[in-house]
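Student: Below is one structure. I have some questions about it.
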Amino acid sequence: MKANTRRGNRLVFDAVAGSYDQARPEIPAGLVADIVGFTSLAPGEKVLDIGAGTGQLTLPLGKAGLDVTALEPGEKLRELLEKKTAADDRVHVTGGFFEDYDGAEDGSFAAVFSANAFHWIDPAVSYDKAAGLLRPGGYLVLLWNVPTVEDGALRVALNERAFADHPDFVRDAHPRVEVLAAEGSEEMAASGRYETPRVELCSQPLVFTPDDYVTLLISYANAAVLTSEARRDLEDGVRRVLADHDVESIRVVNSVYAVIGCRAEQ
Ligand SMILES: C[S@@+](CC[C@H](N)C(=O)[O-])C[C@H]1O[C@@H](n2cnc3c(N)ncnc32)[C@H](O)[C@@H]1O
Numbered sequence: 051m052k053a054n055t056r057r058g059n060r061l062v063f064d065a066v067a068g069s070y071d072q073a074r075p076e077i078p079a080g081l082v083a084d085i086v087g088f089t090s091l092a093p094g095e096k097v098l099d100i101g102a103g104t105g106q107l108t109l110p111l112g113k114a115g116l117d118v119t120a121l122e123p124g125e126k127l128r129e130l131l132e133k134k135t136a137a138d139d140r141v142h143v144t145g146g147f148f149e150d151y152d153g154a155e156d157g158s159f160a161a162v163f164s165a166n167a168f169h170w171i172d173p174a175v176s177y178d179k180a181a182g183l184l185r186p187g188g189y190l191v192l193l194w195n196v197p198t199v200e201d202g203a204l205r206v207a208l209n210e211r212a213f214a215d216h217p218d219f220v221r222d223a224h225p226r227v228e229v230l231a232a233e234g235s236e237e238m239a240a241s242g243r244y245e246t247p248r249v250e251l252c253s254q255p256l257v258f259t260p261d262d263y264v265t266l267l268i269s270y271a272n273a274a275v276l277t278s279e280a281r282r283d284l285e286d287g288v289r290r291v292l293a294d295h296d297v298e299s300i301r302v303v304n305s306v307y308a309v310i311g312c313r314a315e316q
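So in this note's numbering, spot 27 of the sequence shown is number 77, and the numbers just go up one at a time.
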């Protein structure tokens, strides 16, 4: 995933923290287990989760028995994450941007993870700083979700009617996850700090009510930055299409890809 060129919006998720928490899916436990296996992470090993949100990756990492430092700059998101993990001594929640993070010495982490967040970090810092924080043989693991409405007719109607003025929401039948993963892999390799990355893909079926689907959409940065009037227009447009198609539940295929690179020895 290429670095976001609108990094000024990097805290926008905090303004929709409740919606974010309600609608965004957890990274599938099966994929996390595969990654833990491939990277030979043992229970209790220290990992960092950058841009933790309300725990979409932090929680499955904690359940996998890892000792997780969850870094989240958004105050409201962080509060929700702190509440959820208060009783879990494997999870340590901390604030601030990764660019400024000084909570651990170089070489501290067996793995550095980030889900749907690494593109928000300054690319002049992200790969180098993560490599520095990794112990020798440690892994950088970057994940992204690409949710796509399964029903073709509904997807086309949403694209053409509700998303006509919101091209970032338009989805093809096949979201080219392999291409995105290959680009992510090339980008990680080009940093020169990681050995040839490996890609893991997984498909997660999700079902939303119309209200929850609207909540999912407004948790995205593209919607969160709109004026309240423009956001209401987007919501109304989506609800009209769903009503016209008599939709009571929306099946979404969430394609998740992970790019996994071992720290290169220099
Ligand atoms: C799209 S959310 C991802 C949240 C969660 N990991 C998930 O998979 O749903 C991006 C997160 O990155 C955080 N973020 C943005 N810029 C960041 C930075 N420079 N350093 C650390 N986190 C950042 C935001 O506050 C937000 O919670």
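Glycine included, C-beta positions come from ideal geometry on N, C-alpha and C. Since we're looking at a predicted model, the values are computed, not measured.
(1) How should Leu251 be labelled, buried or exposed, when 16 other C-beta atoms within 10 angstroms of its C-beta is the threshold for buried?
(2) When the Cα of Val227 is compared with those of Glu298, Asp156, Ser305, Tyr177, which residue comes out closest?
(3) Does any CB atom of chain B fall closer than 8 Å to the CB of Thr135?
(4) Between Asp156 and Gly182, how many whole angstroms is the CB-CB distance? I'm expecting something under 8 Å.
(5) Is Gly188 near Phe159, with beta carbons less than 8 Å apart?
(6) Taking only the alpha-carbon atoms, compute the straight-line gap between Ala308 and Ala223 and give it to the nearest angstrom.
(7) Starting from the C-beta of Thr265, find all residues in its chain whose C-beta is less than 6 Å away, skip the five residues before and the five after it, and write them out in chain order.
(8) Tell me the residue span of the beta strand (DSSP E) that contains Tyr189.
(9) Can you determine whether any heavy atom of ligand 1 sits closer than 7 Å to the C-beta of Pro384, and answer yes or no?
(10) Determine the extent of the beta strand (DSSP E) in which Thr119 is found, giving its start and end residues.
(11) In whole angstroms, give me the CA-to-CA distance for Leu121 and Val97.
(12) Below 8 Å between beta carbons: does that hold for Ser176 and Gly101?
(13) Pull up the DSSP beta-bridge partners for Glu237, would you.
Tutor: Taking the structure as given:
(1) Only exposed fits Leu251, as fewer than 16 other CB atoms lie within 10 angstroms of its CB.
(2) Here the closest residue by C-alpha is Ser305.
(3) Looking for chain B here will not work: only one protein chain is present.
(4) Right, the Cβ-Cβ distance comes to about 5 Å (below 8 Å), so this counts as a contact.
(5) The beta carbons of Gly188 and Phe159 sit closer together than 8 Å.
(6) Rounded to whole angstroms, Ala308 to Ala223 spans 21 Å at the Cα level.
(7) Result list for Thr265: Ser69, Gln72, Ala73, in chain order.
(8) Residue range 184-199 is occupied by the beta strand (DSSP E) that includes Tyr189.
(9) The structure shown does not extend to residue 384, since the chain spans only 51 to 316, so no value can be given for it.
(10) Counting along the chain, Thr119 sits inside the beta strand (DSSP E) bounded by residues 117-121.
(11) The straight-line gap from Cα to Cα measures roughly 11 Å.
(12) The answer is no: Cβ separation not under 8 Å.
(13) None, per the DSSP bridge assignment.
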